[in-house]
Amino acid sequence: MELVYLWIEKYKNIKEQGFNFSLRFTCKYENDIFTIHRKEPKPITVFPENINITAIVGENGSGKSSLFKSILQSIKYPVKPTNPSGTIQPDLHIDGLIPCFLIVEIEEKLYYINNTKKDISFEDCNEIQKNKIGAYSIYVNYMLDSLKDDASETWVDNYYYRHDNYATPILLEPNKKNNQIDLNTIDYLMAQRFDWQFLTGQTHEVIRKFFHPTHVLINADTEKLKSKLKKLRVGIRFKHPIIGALTFKDALLENMTIEKLEVIFEQFVQNSEKQIDEFFNNCNYSAINKLYFVLKILLNEGLTNIPIWRQLVKMILDSNTQQDILMSLITIVDTQGMQTIYNELEDLSELTFSTKDKLRYCVRFQEIENTIQKKDIIANIEIIQKENTTQSKRLLAYPMWITKTYFEGDPTKNGKSLDKLSSGEKTYLKFLMMMAYEIEQIRTKKDDGGNKIYHTMNFFLDEVEFSMHPNWQKRLLKNIVDLLKPIDLDFNIMLASHSPFLLSDIPKENVIFLKDGKQDNPDIPQTFGANIHTLLSHGFFYERGADGRICERKKSIMPLNILIRKKLTKKEIAYCENIISIIGEPILKSTLQAMLFSKETKLEKLKRQKRRARKSYQTRKRES
1 MELVYLWIEK YKNIKEQGFN FSLRFTCKYE NDIFTIHRKE PKPITVFPEN INITAIVGEN
61 GSGKSSLFKS ILQSIKYPVK PTNPSGTIQP DLHIDGLIPC FLIVEIEEKL YYINNTKKDI
121 SFEDCNEIQK NKIGAYSIYV NYMLDSLKDD ASETWVDNYY YRHDNYATPI LLEPNKKNNQ
181 IDLNTIDYLM AQRFDWQFLT GQTHEVIRKF FHPTHVLINA DTEKLKSKLK KLRVGIRFKH
241 PIIGALTFKD ALLENMTIEK LEVIFEQFVQ NSEKQIDEFF NNCNYSAINK LYFVLKILLN
301 EGLTNIPIWR QLVKMILDSN TQQDILMSLI TIVDTQGMQT IYNELEDLSE LTFSTKDKLR
361 YCVRFQEIEN TIQKKDIIAN IEIIQKENTT QSKRLLAYPM WITKTYFEGD PTKNGKSLDK
421 LSSGEKTYLK FLMMMAYEIE QIRTKKDDGG NKIYHTMNFF LDEVEFSMHP NWQKRLLKNI
481 VDLLKPIDLD FNIMLASHSP FLLSDIPKEN VIFLKDGKQD NPDIPQTFGA NIHTLLSHGF
541 FYERGADGRI CERKKSIMPL NILIRKKLTK KEIAYCENII SIIGEPILKS TLQAMLFSKE
601 TKLEKLKRQK RRARKSYQTR KRES
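The numbering of the sequence shown is full-length UniProt numbering, which starts it at 1 and goes up by one.
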């Protein structure tokens with residue numbers, strides 16, 4: 001699938017505007033008639049045959065993200081006529097549906113998706129069926145905002161990570177469901193991607209050049225268990241993760257007071273922390289795994305009516321002594337069977353997909369014959385990848401209470417760990433890892449007949465470079481192309497960016513320039529390989545030069561002081577000398593110096609020459 005054309009009727013500051021994403025077509029929409037023509041011969045592109053790249057540039061508020069949102073809504077929510085009169089209505093209600101239409105090409109045929117109420121004549125285009133799109137779309141925005149305009153747009157929350165085996169063809173990355181940054185889910189997903197890349201030998205050369213781990217350090221994260229336990233220490237008068245989900249009318253809380261509950265949970269946490277340390281010192285990882293399994297269930301407020309949750313809570317509340325309570329909880333898991341308990345919980349909507357996954361990994365860990373035998377294990381990744389032994393399968397099956405830290409070099413010999421990368425380095429690496437991992441999952445998805453479900457991937461990259469050093473921005477597009485080129489999928493890459501380094505890698509024909517919600521045609525011959533300063537002033541509508549505003553003001557005021565006054569005071573001369581000394585542009589600096597020198601009296605000029613001679617003499621004396 002190739003994105004060809006988008007027309008937006010009205011959304012924010014965009015009104016009745018069309019945007020062409022394809023070099024191969026000429027499109028026109030006028031008087032409710034849409035016409036399209038293929039260009040002959042086929043335009044030459046600088047990108048590989050399976051990759052289309054479009055950049056969208058403009059000032060903040062120009063409408064870049066609005067284009068992304070319109071396309072995503074169109075792909076997921078196409079509309080169709082519902083009666084002979086031609087009235088157009090959505091086939092699935094969505095709050096805040098943007099009135100627009102989208103043209104796409106699939107297998108050399110043109111299709112339209114009409115999300116307006118207009119009766120439009122689409123020449124040479126057929127209406128598309130939702131299940132025929134065959135494309136998976138990923139929108140990436142690492143900033144704090146989301147696609148939501150307000151709280152009513154709940155549809156956005158449906159497209160963050162969920163456990164549906166990629167059946168829903170849209171993914172918003174990273175997880176900001178309910179307008180909250182879920183760091184736990186983000187870290188959990190990144191851990192999965194790192195494991196898949198590093199332990200199975202799937203790491204792309206682009207990623208290896210950036211970070212190439214040779215060893216993995218494996219140990220039990222007892223602090224993660226203790227942190228979950230400490231949540232139970234929260235005062236009952238406040239929002240307790242267990243009791244807060246109940247009312248005092250519940251049978252579990254019969255004859256209970258707030259004071260008694262606080263004592264029970266305080267003792268439970270204290271004794272459990274000691275027991276965890278004993279488990280760890282004795283390498284009893286089976287018991288630690290069962291405890292983690294129990295805590296993941298206990299700390300889920302949505303399970304208050306589920307038998308296993310109530311049984312575990314009752315065990316804590318009814319115990320007269322807290323010394324053996326932890327072993328009693330583990331005994332419940334042993335008696336009922338971890339797999340049986342998981343089967344009862346697996347289909348519950350009250351559990352998030354990440355919680356289900358974490359429980360499932362606990363089950364898998366119990367099934368591994370030879371578990372960890374010591375506190376710290378250092379494994380050689382190259383051996384794991386070459387042999388593809390049971391060890392690699394075990395490493396991939398370890399639950400989240402077992403940490404895996406990756407190193408470039410032996411960790412016992414000052415190897416560099418993944419954790420030591422800067423925040424900018426981590427952002428760059430995580431972005432490339434996300435792309436590689438999701439592409440592999442999509443590429444291998446097949447239906448019951450063994451046919452590929454998705455043939456195209458759309459990446460909507462919303463200023464993903466904002467925390468990257470200019471050198472990394474320069475390499476970003478090349479790294480993306482190198483990553484995608486050998487893969488048997490078609491890709492549409494759409495970049496919203498403020499980076500001249502990215503824009504210099506994209507021909508002008510592949511750039512949509514937005515200004516005040518309208519497509520603009522700036523006076524710039526070409527963006528591909530263009531000078532960075534030219535791109536800033538023309539490509540990004542920066543009309544006041546490339547200096548910062550403080551510098552700009554100093555440079556504009558200071559020459560006036562020099563030129564207007566026939567004679568300057570010593571204070572004014574000192575001020576001007578100070579400003580000139582910190583100007584970096586050499587031509588401007590020398591010009592202003594000459595202008596300042598012209599204001600000197602003969603005596604001042606002689607004094608300055610004397611100071612310069614003395615300074616030169618002292619410098620040579622030190623060097624001799």
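All residues carry an ideal CB built from backbone N, CA and C; glycine is no exception.
Between I442 and M457, which are expected to be in contact by the criterion C-beta below 8 angstroms, what is the C-beta distance as a whole number of angstroms? 6 angstroms
Counting beta carbon pairs with one atom in the stretch 162 to 169 and one in the stretch 140 to 149, are three or more of them shorter than 8 angstroms? no
Quick one: give me the first and last residue of the alpha helix (DSSP H) that E205 is part of. 205 to 210
Could you have a look at L291 and say whether DSSP puts it in helix, strand or coil? helix
Thinking C-beta only, is M315 closer than 8 angstroms to residue 629? Nothing about residue 629 can be reported from this structure: the residues present for the chain run from 1 to 624 only.
In the DSSP assignment, the alpha helix (DSSP H) including R38 goes from what residue to what residue? First-last for R38: 33 to 38, but that is the beta strand (DSSP E), not the alpha helix (DSSP H).
Run the proximity test for L102: is its beta-carbon closer than 7 angstroms to any non-hydrogen atom belonging to the ligand GDP? Within the structure as shown, the ligand GDP is missing, as the structure has no ligands at all.
Determine the closest residue to N271 out of Q180, L326, Y398, D347, with distance taken between C-alpha atoms. L326
Excluding the 5 residues flanking I120 on each side, which residues of the same chain have their C-beta closer than 7 angstroms to its C-beta? D32, F34, F101, N114
Who are Q17's beta bridge partners in DSSP? I8
Looking at the secondary structure, which residues open and close the beta strand (DSSP E) in which C27 lies? 25 to 30
Where do the ends of the beta strand (DSSP E) carrying Y406 lie? 402 to 408
For F513 versus N52, is the C-beta distance shorter than 8 angstroms? no
Measuring only the C-alpha atoms, how far is G415 from P213? 9 angstroms
D221: which of S74, K132, Y285 sits nearest, CA to CA? Y285
Three-way DSSP call (helix, strand, coil) for D482 in this model: helix
Does the stretch 177 to 186 touch the stretch 157 to 164, meaning 3 or more C-beta pairs lie closer than 8 angstroms? yes
Can you grab the Cα-Cα spacing for the pair E604 / I573, in whole Å? 11 angstroms
Between which two residues does the alpha helix (DSSP H) containing S65 stretch? 64 to 76
Starting from M143, trace the alpha helix (DSSP H) both ways and give me its first and last residue. Premise fails: M143 is in no alpha helix (DSSP H) and is neither H nor E.
Smallest Cα separation from V46: which of D520, Q593, P507? P507
What's the gap between the Cα of L596 and the Cα of K610? 17 angstroms
Close Cβ partners of L461 (< 6 angstroms) along its chain, the five nearest in sequence each way excluded: V140, L495
Can you grab the Cα-Cα spacing for the pair S439 / P586, in whole Å? Before going on, a small fix: residue 439 reads as Ile here, not Ser. Near 48 angstroms, if we compare the C-alpha coordinates of P586 and I439.
Looking only at its own chain, which residues have a Cβ that is under 8 angstroms from the Cβ of K230, when we skip the five neighbours before and after it? V269
In terms of residue numbering, what span does the beta strand (DSSP E) encompassing E49 cover? From DSSP, E49 is part of no beta strand (DSSP E); its letter is neither H nor E.
For I512, which of helix, strand or coil comes out of DSSP? strand
Taking all protein chains shown into account, decide if Q54 is buried (16 or more other Cβ within 10 angstroms of its Cβ) or exposed. With the sequence shown as reference, residue 54 is identified as Thr, and Gln is not the correct amino acid for it. With 16 or more Cβ atoms within 10 Å of its Cβ, T54 is classed as buried.
Same chain, Cβ closer than 7 angstroms to K430, neighbours up to 5 away in sequence not counted: M190
Looking only at its chain, what residues have a beta carbon closer than 8 angstroms to the beta carbon of I128, apart from the 5 residues adjacent to it on each side? P78, V104, I106, Y111, Y112, I113
Evaluate contact between the stretch 305 to 315 and the stretch 260 to 267, counting only Cβ atoms and requiring at least three cross-stretch pairs below 8 angstroms. no
Going by C-alpha distance, which of S354, S22, E49, I453 is nearest K39? S22
Decide if P43 is buried, meaning its Cβ has at least 16 other Cβ atoms within 10 Å, or exposed. exposed
According to the Cβ coordinates, are Y428 and W472 closer than 8 angstroms? yes
CA nearest to the CA of V4, picked from K274, F19, K15, K607: F19
Residues bridged to C362 by DSSP? According to DSSP, which records beta bridges pairwise, C362 is partnered with nothing at all.
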